[in-house]
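The opening position of the sequence shown corresponds to residue -4 in the working numbering, with each subsequent residue numbered one higher.
Right, one structure below, let's go through it.
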Amino acid sequence: MNEPQRRKIPVGISSCLLGEEVRHDGGHKHKRYLTEVLSKFFEFRSLCPELEAGLGVPRPAIHLRRYDSGLRLITTNGDADHTEAMEGWIQAVLPALSGLRGFILKAKSPSCGMERIRIHNQEGEITRRDGRGLFAQALMDAYPLLPVEEEGRLNDNHLRENFIERVFVYDDWCRMMEQGLTASGLLSFHTRHKFQLLAHCQKTYRELGPMLANLRAEPLADLAERYISSFMQAMNRQISRGDHANAMQHLMGFLRNTMSDADRKMLREQIDLYQQGQVPLVVPMTLLRMAQRREPVAYLKQQDYLTPYPDELGLRNHV
Ligand code: SF4
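Here is the structure:
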């Protein structure tokens, strides 16, 4: 994250997570981490699919039932079918979400839930637990690159760090595209995020460099689409301690002429300790950043891997 001036990143969110009383029972599911921490960096665009589709508050609870024609959103007592209302609202709202850089969904909801949603048969009996809410499904189909996560999973330090990193990277990509796609813009994006890519997936790292080696082989827009699709898929992959250690050792190679023997030894030791799970990522990463700050290497200055998101989030203290 190399920009000196920070702006808030537009991120969608299920309204009940912000404390809005929009649930079927008139309650909410406020998550303080979202309103007290992430809201400093994200501009939340709140949506409640069920309320906005006209189901009202309070409203009878609903669930998903599978019919031959597909999934339907039915009241749990079987009295009413809200599928058309929900689908109509979804089609109307989706185009307006193109500016979002991420979405945080409420878990376990037949509208917002991202995974493990119960599917019932026509009689209302549970037959599966691997469904997805109607809105969540439509959102992810319409915007396959968009980082999407459920609120409960954000309690996991690694999933949280991964989601936030993806939001910042995706925001960088979207802003680059908004300025008009150029070959130099694409190459510069790749350079900025090279080490992040290396840490997330060595295979994709090895594929994407050569993909950009011949920018005239196909129309730039097609190439960019293929590139970012593979890139964001790789970013989904959790980084292991070994992956980070490998990326940091790689990065350390660029600092070999600017670091003293003692500093290099210390950094190596801390990378080893990190790999063994003895210290968090922030420890070796801070040594790398200090070395880079003392005697900047131009190439590393461009690397978002050293600071992929604001330090205040403290994410690297916990992974
Ligand atoms: S889970 Fe989604 S549909 Fe349900 S109350 Fe929250 S925002 Fe509304």
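Glycine residues also receive a C-beta, built at the ideal position from the N, C-alpha and C atoms.
Just so you know, these numbers come straight off a predicted model, no measurement behind them.
Nearest to residue i (by Cα), restricted to the options the options
i    : options                   : result
P5   : F163, H58 and W84         : F163
A131 : Q197, D267, L89 and R1    : L89
A133 : D63, L92, S64 and M172    : L92
I101 : H313, S10, E213 and A212  : It should be noted that the sequence gives Lys, not Ile, for residue 101. Nearest option by C-alpha distance: S10.
N312 : L182, G272, P142 and A212 : G272
A48  : E15, L129 and D306        : L129
L176 : N150, A208, A216 and P275 : A216
E145 : Y138, A137 and L154       : L154
T71  : Q86, P55 and I85          : P55
N322 : L13, L268 and Q287        : An answer regarding residue 322 cannot be provided, because it is not within the stretch -4 to 314 covered by the chain.
L310 : R67, E160, V52 and R40    : E160
Q228 : A87, G126 and P142        : P142
M254 : V274, L283, G108 and Y269 : L283
C324 : I8, E290, Q174 and V274   : Missing from the structure shown is residue 324; the chain here goes from -4 to 314 and no further.
S34  : A240, D74, G51 and F98    : F98
S235 : G51, K3, N157 and R67     : N157
A178 : E38, E213, G51 and L308   : E213
L68  : G126, E38 and G22         : G126
L218 : G180, D238, R1 and G237   : G180
A75  : L50, R96 and G94          : L50
W276 : G22, N152, K24 and L182   : The identity of residue 276 in the sequence shown is Leu, whereas the question assumes Trp. Closest by alpha carbon: N152.
P279 : K296, E290, A240 and E307 : A240
G147 : K26, R40 and Y138         : K26
A87  : K103, R96, A137 and S104  : A137
L13  : H19, K3 and K24           : K24
P22  : D306, Y165, R289 and V52  : Reading the sequence as shown, one finds Gly at residue 22 and not Pro. Of D306, Y165, R289 and V52, the residue nearest in Cα terms is V52.
P305 : F184, F36, Q174 and Q197  : F36
K198 : K296, R232, R1 and H19    : R232
N209 : L182, T186 and F39        : L182
G73  : I85, R40, I57 and G65     : I57
M109 : H77, G94, L95 and L149    : L149
Any non-hydrogen atom of ligand 1 closer than 6 Å to residue i Cβ
i    : result
P305 : no
R18  : yes
K26  : no
P55  : no
P44  : yes
K189 : no
S9   : yes
C107 : yes
K101 : yes
S104 : yes
Beta-bridge partners of residue i, as assigned by DSSP
i    : result
S179 : Beta-bridge pairing links S179 to no other residue.
H58  : I69
I4   : F37
E144 : I99
D76  : I69
Contact test: residue i Cβ vs ligand 2 heavy atom, cutoff 6 Å
i    : result
S224 : In the structure shown, ligand 2 is absent; the only ligands present are ligand 1.
Q: Within the region 95 to 130, note down every full beta strand (DSSP E) run reaching 3 residues or more, in order along the chain.
A: 98 to 100, 112 to 115 and 121 to 126
Q: Report yes or no: do three or more beta-carbon pairs, one from the region 29 to 37 and one from the region 116 to 125, lie closer than 8 Å?
A: no
(Q) Which complete alpha helix (DSSP H) runs does the region 284 to 308 hold, if anything under 4 residues is left out? (A) 293 to 296
Q) Do the region 260 to 271 and the region 236 to 250 make contact, defined as three or more Cβ pairs closer than 8 Å? A) yes
**Q.** Segment contact flag, the region 177 to 191 with the region 283 to 301, C-beta cutoff 8 Å, min 3 pairs
**A.** yes
Q | the region 41 to 60 / the region 74 to 82 touching (three or more Cβ pairs under 8 Å) | A | yes
(Q) Just to confirm the assignment: which complete beta strand (DSSP E) runs, minimum length 3, are found wholly within the region 6 to 48? (A) 37 to 42
Q) Are three or more beta carbon pairs between the region 222 to 230 and the region 195 to 206 nearer than 8 Å? A) yes
Q | Cβ pair count under 8 Å reaching 3, the region 58 to 66 against the region 96 to 116 | A | yes
(Q) For a minimum of 4 consecutive residues, which ranges assigned as the alpha helix (DSSP H) are wholly contained in the region 169 to 216? (A) 178 to 187, 189 to 195 and 197 to 206
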